[in-house]
Amino acid sequence: MGLSVTISAADAQDAEHILKLQYLCYQSEAELYGDWSIEPLTQPLDALRAELDEGYGLVARLGDEVVASVRARLDEDGTVHIAKLIVHPRMRRHGLGSRLLDGIERHFAAATAPAEPSAKRFQLFTGHRSEGNLRLYRSKGYAQVSARELGPKLTLVTLEKAAA
57 MGLSVTISAA DAQDAEHILK LQYLCYQSEA ELYGDWSIEP LTQPLDALRA
107 ELDEGYGLVA RLGDEVVASV RARLDEDGTV HIAKLIVHPR MRRHGLGSRL
157 LDGIERHFAA ATAPAEPSAK RFQLFTGHRS EGNLRLYRSK GYAQVSAREL
207 GPKLTLVTLE KAAA
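The opening position of the sequence shown corresponds to residue 57 in this note's numbering, with each subsequent residue numbered one higher.
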């Protein structure tokens, strides 16, 4: 009998596993853009822990192994900023990215405390050459709202969709 993938909230104990997975997953992005200095490859563990403390994260596990993750935070204007959706290379094209996006959206769409802002929109970004990412995001209802050239090799494409 095979193991099934489970998705749960990320916690402080997951930070090191997420960082190692992030480093592995962003190698292909670095190669695509010819830039190994991108923030996901240089992010220190303390910064990742701070992101988890200040926002919300999900991890997908196959047994005890973290095989996918995503992080997000809700700002005061009601925008949920989704970041660093990663899936282990051997686990790609099995719907994990889609499941993680759905999970983040469900979490932030749920009722919040009265003093907190409510989610009005979901927003994320990716590089212009990251066709797989763009295809996934568009299939989940995200539409491009802007593009910003960061240099001769990279244009960041921002996509968003309204909260239900």
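Glycine is no exception: its CB is placed at the ideal position from the N, C-alpha and C atoms. It should be emphasised that the depicted structure is a prediction, and the values quoted were computed from it without experimental measurement.
Query                                                                                                                                                                          : Result
Kindly indicate which three-state DSSP category E87 falls into: helix, strand or coil?                                                                                         : helix
Does the beta-carbon distance from R185 to L88 come in below 8 angstroms?                                                                                                      : yes
Take L77 and list the residues in its own chain whose beta-carbon comes closer than 8 angstroms to its own, dropping the five residues that flank it on each side.             : V122, V123, A124, S125, I142 and H144
Enumerate in chain order the residues of its own chain whose CB-to-CB distance from R177 is below 8 angstroms, with the five nearest sequence positions on each side excluded. : G134, T135, V136, E216, K217, A218 and A219
Can the beta-carbon of I74 be found closer than 8 angstroms to that of A66?                                                                                                    : yes
Starting from S125, trace the beta strand (DSSP E) in both directions and tell me its first and last residue.                                                                  : E121 to L130
In chain order, which alpha helix (DSSP H) runs of at least 4 residues are fully inside the segment 152-201?                                                                   : 152-165 and 187-195
Which of the three DSSP states, helix, strand or coil, is assigned to R148?                                                                                                    : coil
With H, G and I counted as helix, E and B as strand and the rest as coil, what does DSSP make of Y79?                                                                          : helix
When we look at the beta-carbon of K209 and count the other beta-carbons within 10 Å, is it buried (16 or more) or exposed?                                                    : exposed
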